[in-house]
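Q:
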Amino acid sequence: MNKVDYWFLDTAIGIPISFDWIIPYEEYEIYDLARTPFDLTTKQIVEVMDRLFQDELILAITHQDLHSLNIPLIENLLTKGFRPSFVEIEAELERKENLFGFDLSPKIEQDLYYFLTPKGGELWESVSHPKWEQYFHRGHPIESLPKHYFRESNDNTTNCVLWCTNREIGTKFVEIEEFLEAPASEYNFSCINNSQIWEKITPWHPTYWKTLSSGYVVTYQVQRTKIEGNIESSQENKELVEKREQAKLWYRTITKWYTSYYQRNEYL
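Numbering (the numbering used here), first residue to last: 11 to 278.
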């Protein structure tokens, strides 16, 4: 596999990706949309994607079909997925309006996304060698979670949720999360004691295309407190500064859960 092909697979390992995000910078002169890290023309991108579709490594899905799925797991995505023609890929990439897809007009409802097939996921794994036991994902409680996960919150508290493969890693993250705030942050967020609710998930889907035998979900509340002064320069808080450095080192290590083929050697 070459690094161009790998980049397109790697970009979509977490969620289906809109074609909007792979439009080359030169086409639209909008810096924030310069997502493709190669000097490729639109035609070259179409050729790459067409090959990936032909090899059944990825499939396309419309915006409407994607958002009609209650749970966008691979078995559901495959029922709506299709292989677009070369002309359809080219036409989608050359559109210049509504780039962010905020407009829910019928045209936007037909915008295309692409996602990894099981074959594409297996190929990505064979190159990336993921350590799924290190994988976790933090977010906010969603409506599909049981009602007992939701707690009453206020201006200073927030409900959070963490999905993880390894409970020890999940517990560690919740414990040190307050030390991961940037030094310039105005607020500190710490887990409220006895607010954690754990549940084992069998099976568990760390991503839409990957299934593991089990995983965990924990919901918890964090409290927001205003940081007084600059703790980085305070002699009285050396211990706190050290805890932050240790937390950040652990976080950097544990979040390197796979080897990016794209970032090897010349691409850093």
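Backbone N, C-alpha and C fix where the C-beta goes; we use that ideal spot for every residue, glycine too.
Counting C-beta neighbours from all protein chains within 10 Å, is the total for L172 16 or more, i.e. buried, or is it exposed?
A: The residue in question, L172, is buried, as its Cβ has 16 or more Cβ neighbours within 10 Å.
Q: Might you give, ordered along the chain, the residues of its own chain that have their beta carbon closer than 6 angstroms to the beta carbon of W219, omitting 5 neighbours on each side?
A: Hits under 6 angstroms: I84, L126, G131.
Q: What is the residue span of the beta strand (DSSP E) that K210 lies within?
A: Per DSSP, K210 belongs to the beta strand (DSSP E) from 207–211.
Q: Using the three-state DSSP reduction, which class does K117 fall into: helix, strand or coil?
A: The pLDDT assigned to K117 is 49, lower than 50, so where the model puts this residue is not dependable, and the model offers no usable value.
Q: Among E255, R262, L19, which residue has its Cα nearest to the Cα of E135?
A: When only C-alpha atoms are compared, the closest one is L19.
Q: Return the chain-ordered ranges of every beta strand (DSSP E) run that is complete within the region 59–145 and spans a minimum of 3 residues.
A: Taking only runs of at least 3 residues, the beta strand (DSSP E) segments lying wholly in the region 59–145 are 68–72, 122–126.
Q: Between the C-alpha atoms of E98 and N204, what's the straight-line distance to the nearest angstrom?
A: C-alpha separation (whole angstroms): 53 angstroms.
Q: How many angstroms separate the CA atom of P213 from the CA atom of R254?
A: Those two C-alpha atoms are separated by around 34 angstroms.
Q: Let me know if E104 comes out buried or exposed under the rule of 16 or more other beta-carbons within 10 Å of its beta-carbon.
A: Classification for E104: exposed.
Q: Count Cβ pairs between the region 135–144 and the region 61–73 that sit closer than 8 angstroms; are there 3 or more?
A: The answer is no - the region 61–73 does not touch the region 135–144, with fewer than three Cβ pairs under 8 angstroms.
Q: Taking Cβ positions, are E143 and N176 nearer each other than 8 angstroms?
A: Yes, the pair counts as a contact, with Cβ atoms nearer than the cut-off.
Q: Keeping to the same chain, check which residues put their C-beta closer than 8 angstroms to that of H139; ignore five residues upstream and five downstream.
A: The answer, listed in chain order, is Y268, T269.
Q: Classify T46: buried if its beta carbon has 16 or more other beta carbons within 10 angstroms, exposed otherwise.
A: Its Cβ being crowded by 16 or more others within 10 Å, T46 is buried.
Q: Tell me whether F48 sits in a helix, a strand or coil according to DSSP, three-state version.
A: Of the three classes helix, strand and coil, the one that applies to F48 here is coil, per DSSP.
Q: Give me, in chain order, the residues of the same chain whose beta-carbon lies closer than 6 angstroms to that of T168; leave out the 5 immediate sequence neighbours on both sides.
A: Around T168: V232.
Q: Which two residues bound the contiguous alpha helix (DSSP H) that contains K182?
A: Its alpha helix (DSSP H) spans residues 177–186.
Q: Spatial neighbours of V56 within its chain, please: C-beta separation below 8 angstroms, excluding the five flanking residues on both sides.
A: F96, I99, E100, L103, listed in sequence order.
Q: DSSP three-state label for I27, please.
A: I27: strand per DSSP, three-state reduction.
Q: Do you know offhand how far F189's Cα is from K248's?
A: Those two C-alpha atoms are separated by around 13 angstroms.
Q: With distance defined between alpha-carbon atoms, name the residue in T265, I202, N198 nearest to L250.
A: It is N198 whose Cα lies nearest to the Cα of L250.
Q: Taking the alpha-carbon positions, what's the V14 to Q74 distance?
A: In a straight line, the C-alpha of V14 is about 28 angstroms away from that of Q74.
Q: I'd like the list of long-range same chain contacts for V184, defined as Cβ closer than 8 angstroms, with 5 residues on each side in sequence excluded.
A: L172, C201, Q206, V228, Y230.
Q: Could you check the C-alpha separation between H147 and W260 for me, to the nearest Å?
A: Taking the straight line joining both Cα atoms gives about 16 angstroms.
Q: Pop quiz: L69 and Y16 are said to be a contact at Cβ under 8 angstroms. What is the actual Cβ separation, rounded to whole angstroms?
A: Incorrect: roughly 18 angstroms between the Cβ atoms, too far for contact.
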